[in-house]
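Each residue of the sequence shown is one higher than the one before, counting from 65 in this note's numbering. Virtual Cβ for every residue (Gly too), placed ideally from N, Cα, C.
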Amino acid sequence: MTKDKIPKLLDDAIKQNTHDIDVITRHLKLPWLKLDLDFGVWDDTDINSMMTSDDWRTKWKFPNRLKNSYQVKNWNGKLLFGPENFDDFLELSKASEHRHDEDSKCRIYREKFNYGWHEESLLSKKINSVIPNHDLNLVNTYVLPSGGYIFPHRDYTMDNMSLAKIYIAVKWSDGNVFGQYGCGDIPIKQGDVFLINNYTLPHWVSNGSGNDRIVIDISANLHSVKIKESIIRSFKKCFGQVST
Ligand SMILES: [Fe+2]
Numbered sequence: 065m066t067k068d069k070i071p072k073l074l075d076d077a078i079k080q081n082t083h084d085i086d087v088i089t090r091h092l093k094l095p096w097l098k099l100d101l102d103f104g105v106w107d108d109t110d111i112n113s114m115m116t117s118d119d120w121r122t123k124w125k126f127p128n129r130l131k132n133s134y135q136v137k138n139w140n141g142k143l144l145f146g147p148e149n150f151d152d153f154l155e156l157s158k159a160s161e162h163r164h165d166e167d168s169k170c171r172i173y174r175e176k177f178n179y180g181w182h183e184e185s186l187l188s189k190k191i192n193s194v195i196p197n198h199d200l201n202l203v204n205t206y207v208l209p210s211g212g213y214i215f216p217h218r219d220y221t222m223d224n225m226s227l228a229k230i231y232i233a234v235k236w237s238d239g240n241v242f243g244q245y246g247c248g249d250i251p252i253k254q255g256d257v258f259l260i261n262n263y264t265l266p267h268w269v270s271n272g273s274g275n276d277r278i279v280i281d282i283s284a285n286l287h288s289v290k291i292k293e294s295i296i297r298s299f300k301k302c303f304g305q306v307s308t
């Protein structure tokens, strides 16, 4: 028996329906996706280079930081990779897009400024082994000491992204919470790499452990080869299209 010829449009759809990074990361509004990117092991030298007791928002000149200080307790960190002429970048981004988060600003102005490492360390080499400089927009570390927290809030973006933040749990003891409204807690364990959507739902963080919680936040071109491949593998794993 011969199979009936199906319309070309349907035939094309069936044969050409590949995974589209933009559909997965912009349109689906998934709250998170665990990635299998391998940055190696974060040793004591790396951790020491990330440690700081400085509030990361000071560098970004947050306008309402003191007024809203009750919403954040001990949220420290530092900029490792971003716009080289940071003051000019801040001035431009504040003038036009002050409501958008730092990852988003660094994505939007990627072609307007030169970007580079603000601190050279072994850590930069580990990140560059997965993501080359030309695909990086921002690398920031966040250190939340024991007892630190961030109130429920939403972040805003100007480019319709949802899954955008590459989030590496360098030091993450039991008792840490990263909640996403209506979805429970993101199941993060130390060493994990997640792609997180901080734009769609309210979310919050609390360090109920006795140790510092240290993460690396990366904004990058998600079409970068290793990232793209990892997103597609993870998507297939989550949604049941694992090839044998
Ligand atoms: Fe947030």
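Report task. Express the C-alpha separation of residue 121 and residue 77 in angstroms, rounding to a whole number. Result -> Pairing residue 77 with residue 121, the inter-Cα distance amounts to about 47 Å.
Requested in this report: Quick one: which unbroken alpha helix (DSSP H) runs of 4-plus residues sit fully inside the segment 128-196? Chain order, please.
Outcome: Within the segment 128-196, the complete alpha helix (DSSP H) segments of 4 residues or longer fall at 150-161, 166-172 and 186-192, listed in chain order.
Query raised in the report: What are the residues that DSSP puts in a beta bridge with residue 281?
Result: 204 and 231
Report task. With DSSP as the reference, please indicate the residues paired to residue 269 in a beta bridge. Result -> 214 and 242
Query raised in the report: For residue 184, is the classification buried or exposed, using 16 other Cβ atoms within 10 angstroms of its Cβ as the cut-off for buried?
Result: By the 10 Å Cβ count, residue 184 comes out exposed.
Query raised in the report: At a cut-off of 8 Å, is residue 261 close to ligand 1 when judged by its beta-carbon and the heavy atoms of the ligand?
Result: The answer is no for residue 261.
Requested in this report: Using three-state DSSP, classify residue 103 as helix, strand or coil.
Outcome: coil
Query raised in the report: Which residues in the same chain have their Cβ closer than 6 Å to the Cβ of residue 65, if we skip the five residues on either side of it in sequence?
Result: Note that residue 65 has pLDDT 49, beneath the 50 cutoff, so the model's placement of it is unreliable and no number is given.
Query raised in the report: Would DSSP call residue 108 helix, strand or coil?
Result: helix
Report task. Look at the alpha carbon of residue 214 and the alpha carbon of residue 270, and state the distance between them as a whole number of angstroms. Result -> 6 Å
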